[in-house]
Structure formats: structure tokens, C-alpha cells
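So the structure is just underneath, and the comments pick up after that.
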Amino acid sequence: MAEKASPSSNSISLKTVDGKIFKVSPAIANQMLTIQPLIKDSDSSTIISLPDVAAFHLTKIIEYLEGKPAAAPSAVDAFEAQFVKDLSPEELKGLLIAVGYLKVNGLVDLMANTVAKLIENKSVEYVRKFFGVVNDFTPAEEAKCRQEHAWAFDGVDED
Amino acid sequence: MSSSLLSNYVPEAILEQILLHLPSTTLIRFSSVSKSWFSLISSLSFTLQRSFSNPNPTLLLIQPTPSSHSTTFTTTPPPYSTHHPYSLRFISSLYGVVCFIEQSVGHDHAITLFNPSIRTYLRIQTPAVKHTALGFGFDTGNSDFKVIRIFNGVELYSLNQGGWRGIHCPYRKLEELQFSNTQCFLHGNVHWVVSPSYATKSYVLIFNMVQEKFKRMGFPPNLVFDALCTLQLKVTVIQGYLSVFDCCGIWMMREYGVAESWTKMFTLNLERGCISKVFGFRSSAKVLMLLHKKGETSLRSFDTKTQEIKDLRIKGEIIAACEDTGSLVLLDRFACSVSKSQAKRRR
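Just so you know, the protein sequences line up as chains A and B, in that order.
Counting from 1, one number per residue, gives the positions in the first sequence under full-length UniProt numbering.
Counting from 1, one number per residue, gives the positions in the second sequence under full-length UniProt numbering.
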């Protein structure tokens with residue numbers, strides 16, 4: 001492999017599933033743990049394809065990695081709250097899957113926490129629909145389950 | 001539209017991370033989402049991960065007549081009520097599961113495993129005998145809760161297998177030993193302090209829950225507990241150390257398995273009271289004691305950091321105290337687990 005003058009000057013090209021190419025610095029790309037091994041062997045002509053990641057997701061991920069304040073936990077909290085504020089449940093889920101696939105430093109936990117807050121007071125039906133989970137209990141088993149723990153089914157949100 | 005190319009599937013590892021952020025009530029509700037959600041939520045590894053992410057659990061007291069809650073503890077009744085002459089005696093608690101035995105005059109009856117966080121229990125049918133000793137522990141190799149009972153034989157109950165079976169014991173006549181009336185579980189082993197009747201030196205008898213084998217662990221030559229006093233000794237775990245209460249102080253094994261490391265760490269001024277039970281916790285610097293004094297029983301805490309004894313002023317009988325870890329272990333003992341319909345009774 002050809003020698004590189006200064007690796008930090010090389011930008012990494014990432015191609016999303018919807019065909020957009022993003023050029024990011026190695027410092028940013030290295031925080032996506034899944035593609036770390038690919039970065040080492042790449043030069044400026046290499047394009048790394050990312051399944052499970054759309055342009056919208058990668059834009060958000062780069063926004064997070066570039067914008068996250070380095071110090072003060074309170075500043076990080078404010079930044080993270082702002083970052084997830086306007087995402088719809090569907091966008092949250094898509095971003096969660098993309099972030100989980102790329103194993104983005106710090107963002108996996110933020111997304112997991114945000115989705116947890118979203119579903120905390122939701123019904124079982126909402127959760128099945130949200131995650132696309134098929135109910136494989138028989139009606140009798142499910143009824144029994146609800147009866148045993150009836151108190152856990154009180155006060156869930158309408159939607 | 002490009003979104004159709006995207007995966008719509010949230011991998012289990014990510015799902016687990018989401019669920020770790022949720023409170024017990026939500027998790028119990030979501031255990032009926034699907035069978036795979038159910039197994040994930042009720043698994044022990046999930047419970048353990050949750051308890052590690054909660055370094056300061058509140059205290060949970062099990063009382064026949066629950067007293068009013070406070071900021072430091074909550075109270076809950078036992079899984080079912082017993083009527084005279086039956087009573088529930090605490091054996092020990094582990095990972096949010098409390099083990100009791102039902103007793104009546106001169107006899108022991110069923111052993112019960114109870115998860116107070118989700119009020120689920122399993123009543124294990126046990127022949128009515130007088131036990132010499134009992135122990136409750138966990139087999140990390142098989143992720144299995146086990147109960148050991150010593151009478152004129154030795155038997156082990158495995159929660160996974162759902163039954164009792166005999167265990168070979170290399171020592172003759174265990175039932176003739178004097179056993180401490182408490183035991184504790186640490187590093188895979190159940191511990192009792194025992195002494196052969198009259199005048200010989202006491203030692204720690206351990207039973208390993210993975211290997212299912214007994215072993216002895218001696219005390220250093222300078223530490224001699226009177227044989228008659230053995231019954232009064234209390235064995236517990238304080239901040240990860242094997243600890244023994246005698247009538248006036250606490251001894252701790254500073255380095256596990258090293259007899260010479262037994263050290264008298266604290267002297268307790270009990271004002272002529274006598275300790276009937278101790279409750280130690282996985283990580284807490286505090287230990288609770290039931291203290292009998294002048295015909296009255298009170299719950300006291302001893303803080304190993306400040307060495308202060310405090311009366312918690314809790315009214316009524318206390319069957320057990322444990323940390324409220326929000327454990328969901330035993331959730332699968334309910335009917336909705338479908339596969340396992342072992343001996344169980346509902347409230």
C-alpha cells in the first residue's frame with residue numbers, strides 16, 4: 001500500500017444505502033466502531049458502503065459527533081436533549097438501528113435511553129407495532145399473563 | 001423511497017440496552033409482548049445487569065403486618081400468610097430472591113423462594129423433618145438457584161430441574177455437628193460455622209453450588225469460638241467479606257479462603273442485648289441486626305464506616321430484609337411462561 005503523507009489529512013468516504021457519499025475526517029469515522037478496521041486499510045479513493053444507514057441518519061450522526069461538547073456534563077446533557085428533540089418515533093427507531101449497526105461512541109446509549117423514555121408508558125400493542133414484533137403467545141397465555149400482573153397494565157398512554 | 005432498503009429490525013443487543021433503562025412495572029407489562037421478550041426480561045443475566053446499574057438500592061422489609069414506608073425502606077407482606085403454629089423463617093436472599101422455610105413446632109415444612117419485587121413465589125414441597133441446616137445459593141455454571149438441606153442425609157434442590165436429589169457427603173454424621181443458625185452465600189459457596197459437639201474447635205463448613213461438594217475452611221489457631229457458642233454465631237456477608245458475629249463483635253475474613261486473614265474488625269456494644277438475626281447486603285457498608293433486649297425486639301443498623309448502631313424504629317415483626325433490586329427473576333414461574341408448570345401456588 002502506498003505511503004500516506006499525513007493520515008489525518010485524508011478524508012474517509014462513506015456511502016449510505018440511498019447512494020449519497022459523505023466525506024468525513026478520520027477522527028469522526030473512527031468513532032464508528034464497526035468501520036474502524038476498514039479505515040486502516042483505506043486510501044482517499046476507497047468508498048465504504050454502509051448498509052442500514054440512510055443519508056438522514058448519517059447526517060444526524062455526523063452532527064452529533066462534530067457538535068458534542070468536549071467538557072461540562074451539563075453542556076452535554078443540553079446538547080443531547082436538543083439533538084433528539086424533534087425526532088419522530090419512526091426517525092428515532094431508524095437512527096437507533098443505524099447507530100447500533102455503526103456502534104457510534106456515546107450515541108448508542110443516548111438513543112437507547114431516548115427510545116426507553118418514548119415507550120415507558122406505552123401499551124404492549126404499541127411496542128409490538130413499534131418494534132415489528134409478532135405476538136407468539138396464545139390468547140389464553142396472554143390473558144393469563146395480564147391477569148397475573150394486572151397492576152402493571154394500569155395507566156398506559158392511549159396511543 | 002430509500003427507506004424500504006433499510007432494516008426494520010432492532011437487534012437483541014440494542015433492545016436489551018433499551019430495556020435496561022425501564023422500570024420494573026414497565027418491564028413486567030412488556031414481558032407479554034412476545035416469548036422472546038419474555039425470556040430476555042425474566043433472564044437472570046438481565047436482572048444482574050440491572051442490579052449493577054443501580055448502586056444504591058432501597059431496603060425492602062418483609063413483615064406480616066407491614067409498617068408505614070419511609071424514604072430509606074419499603075415494606076411488603078410475605079407471599080402468603082401462615083397461621084399459628086406455622087411461621088416463616090428466613091434462610092437468605094440472593095439476586096432479589098428471598099428463601100424461607102415454613103416451620104411449626106419441631107418440624108420444618110415447605111421451602112419457599114419469593115421475589116418480593118414482582119410478588120412471585122415458588123413453594124418447594126419438602127418432607128417434614130427437623131433440619132440440621134439449610135442453605136440457599138446460586139450455581140453460576142448452570143444459572144440455577146439451589147437449596148441445600150442437611151438432616152440425617154444431604155439433599156439438593158435445583159430450580160432448573162425442579163426436584164430434590166441426594167448429595168454425597170465425605171464427612172460422617174453432619175447432623176451431629178453444631179451449626180450456626182445462619183448461613184450466607186459468597187463466591188459460589190454456602191457457609192456455616194460448625195463445631196463438633198463439645199470442646200473441639202469450630203470451623204467454617206462450605207458447600208460449593210457448582211461442584212456440589214463440601215469443604216472445610218479453618219479459623220486461625222488464636223480464634224476459638226466456644227462450641228456451646230457456635231449456635232449463637234451469625235454468618236453473613238458485609239461488603240463482599242465473609243463475616244461472623246459473635247456475642248460482642250464482628251470478625252471478617254479479609255482475604256477469602258485465607259484462614260489467617262480472619263480479623264476482629266468491630267466491637268459491638270449491645271447493652272446486654274442479644275442478636276437473633278443479621279441481614280448483610282452485597283455491597284452495603286451497613287448491616288442490619290434484630291436485637292433482643294428486655295423482652296423486646298428491635299431492628300438496628302450497624303454502619304461499618306462510622307461504627308454507629310442505630311435503632312431504625314420499625315414496628316412489628318420482621319421476617320426478612322433484603323435490597324430492593326427490582327429483580328425480575330422467577331417471573332417465568334408464572335403460568336404465562338407456559339413451558340414450566342412446576343409446583344407453585346398463587347396468592
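Here a beta-carbon is modelled for each residue, glycine too, at the ideal position from N, C-alpha and C.
Model, not experiment: these values are computed from the prediction.
Reduced DSSP secondary structure (H/G/I, E/B, other) of residue i
{"i": "A:K4", "result": "With a pLDDT of 43 at A:K4, under the threshold of 50, the predicted position of this residue should be treated as unreliable, and no value is reported."}
{"i": "A:V17", "result": "coil"}
{"i": "B:S92", "result": "strand"}
{"i": "A:G67", "result": "helix"}
{"i": "B:E271", "result": "coil"}
{"i": "A:Y126", "result": "helix"}
{"i": "B:F114", "result": "strand"}
{"i": "B:L328", "result": "coil"}
{"i": "B:V98", "result": "strand"}
{"i": "B:L6", "result": "coil"}
{"i": "A:G100", "result": "helix"}
{"i": "B:G249", "result": "strand"}
{"i": "B:E317", "result": "coil"}
{"i": "A:M111", "result": "helix"}
{"i": "B:S261", "result": "helix"}
{"i": "A:H57", "result": "helix"}
{"i": "B:S24", "result": "helix"}
{"i": "B:L205", "result": "strand"}
{"i": "B:S104", "result": "strand"}
{"i": "A:G106", "result": "coil"}
{"i": "A:A143", "result": "helix"}
{"i": "B:D311", "result": "strand"}
{"i": "A:E80", "result": "helix"}
Residue i: contacting residues in chain A (beta-carbon distance under 9 Å)
{"i": "B:S43", "result": "Ordered by position in chain A, no residue passes the 9 Å Cβ test against B:S43, which lies about 17 Å from the chain."}
Among the options, nearest to residue i - alpha-carbon criterion
{"i": "B:G257", "options": "B:G280, B:A320, B:H187", "result": "B:H187"}
{"i": "B:T26", "options": "A:K85, A:E120, A:T59", "result": "A:E120"}
{"i": "B:Y95", "options": "B:I314, B:T200, B:G137, B:L122", "result": "B:G137"}
{"i": "A:K60", "options": "A:K144, A:A27, A:D43, A:M111", "result": "A:M111"}
{"i": "B:T297", "options": "B:I314, B:P66, B:D303", "result": "B:I314"}
{"i": "B:Q63", "options": "B:C322, B:N152, B:L331", "result": "B:C322"}
{"i": "B:L242", "options": "B:G166, B:L40, B:M253", "result": "B:M253"}
{"i": "B:I18", "options": "B:S34, B:S32, B:F46", "result": "B:F46"}
{"i": "B:M289", "options": "B:V235, B:S283, B:S327, B:D324", "result": "B:V235"}
{"i": "B:P116", "options": "B:T75, B:R149, B:R89, B:Q232", "result": "B:T75"}
{"i": "A:R128", "options": "B:R172, B:W37, B:V278, B:L122", "result": "B:W37"}
{"i": "A:E148", "options": "B:R29, B:I150, B:D144, B:V33", "result": "B:R29"}
{"i": "A:M32", "options": "A:V156, A:D157, A:V108", "result": "A:V108"}
{"i": "B:G153", "options": "B:F302, B:G166, B:W251", "result": "B:G166"}
Interface partners of residue i on chain B, CB under 7 Å
{"i": "A:N113", "result": "H21"}
{"i": "A:L96", "result": "V10, I14"}
{"i": "A:F131", "result": "V10"}
{"i": "A:G67", "result": "Those do not exist, as A:G67 stays about 23 Å from chain B at its closest Cβ, beyond 7 Å."}
CA-to-CA distance, residue j to residue i, given in whole angstroms
{"i": "B:I238", "j": "A:N113", "result": "33 Å"}
{"i": "A:A81", "j": "A:L87", "result": "11 Å"}
{"i": "B:H109", "j": "B:T82", "result": "12 Å"}
{"i": "B:P170", "j": "B:V224", "result": "24 Å"}
{"i": "B:K130", "j": "B:H107", "result": "5 Å"}
{"i": "B:R347", "j": "A:F131", "result": "Because the pLDDT at B:R347 is just 29, under 50, the model does not fix this residue reliably, and the point stays unresolved."}
{"i": "B:Y203", "j": "B:T263", "result": "15 Å"}
{"i": "B:C274", "j": "B:E176", "result": "25 Å"}
{"i": "A:V76", "j": "B:F114", "result": "42 Å"}
{"i": "B:K294", "j": "B:E271", "result": "10 Å"}
{"i": "B:V97", "j": "A:F137", "result": "27 Å"}
{"i": "A:V53", "j": "A:T16", "result": "6 Å"}
{"i": "B:C248", "j": "B:N269", "result": "7 Å"}
{"i": "B:V329", "j": "A:G106", "result": "30 Å"}
{"i": "A:K103", "j": "A:L95", "result": "12 Å"}
{"i": "A:P69", "j": "A:A27", "result": "15 Å"}
{"i": "B:T65", "j": "B:P77", "result": "7 Å"}
{"i": "A:V133", "j": "A:S123", "result": "13 Å"}
{"i": "B:N142", "j": "B:L134", "result": "21 Å"}
{"i": "B:F179", "j": "B:L231", "result": "6 Å"}
{"i": "B:G218", "j": "A:R146", "result": "52 Å"}
Partners in chain A for residue i, counting only beta-carbon separations shorter than 7 Å
{"i": "B:F30", "result": "V124, V127"}
{"i": "B:T26", "result": "E120"}
{"i": "B:S7", "result": "D52, I97"}
Contact list for residue i against chain A, beta-carbon separation under 8 Å
{"i": "B:Q17", "result": "V108, D109, A112"}
Amino acids of chain B, ordered along the chain, whose beta-carbon sits closer than 9 Å to that of residue i
{"i": "A:D136", "result": "S34, K35, S36"}
{"i": "A:A116", "result": "Q17, I18, L19, L20, H21, L22, T26"}
{"i": "A:V76", "result": "Those do not exist, as A:V76 stays about 17 Å from chain B at its closest Cβ, beyond 9 Å."}
Neighbouring residues, chain B, relative to residue i (Cβ below 8 Å)
{"i": "A:F153", "result": "R29"}
Go through the stretch 138 to 199 of chain B residue by residue and report every complete run of the alpha helix (DSSP H) that reaches 4 residues or more, in order. none
Runs of alpha helix (DSSP H) lying entirely within the stretch 269 to 309 of chain B, each at least 4 residues, in chain order: none
What residue ranges within the stretch 27 to 97 of chain B form continuous beta strand (DSSP E) runs of no fewer than 3 residues, ordered along the chain? 58 to 62, 73 to 76, 87 to 94
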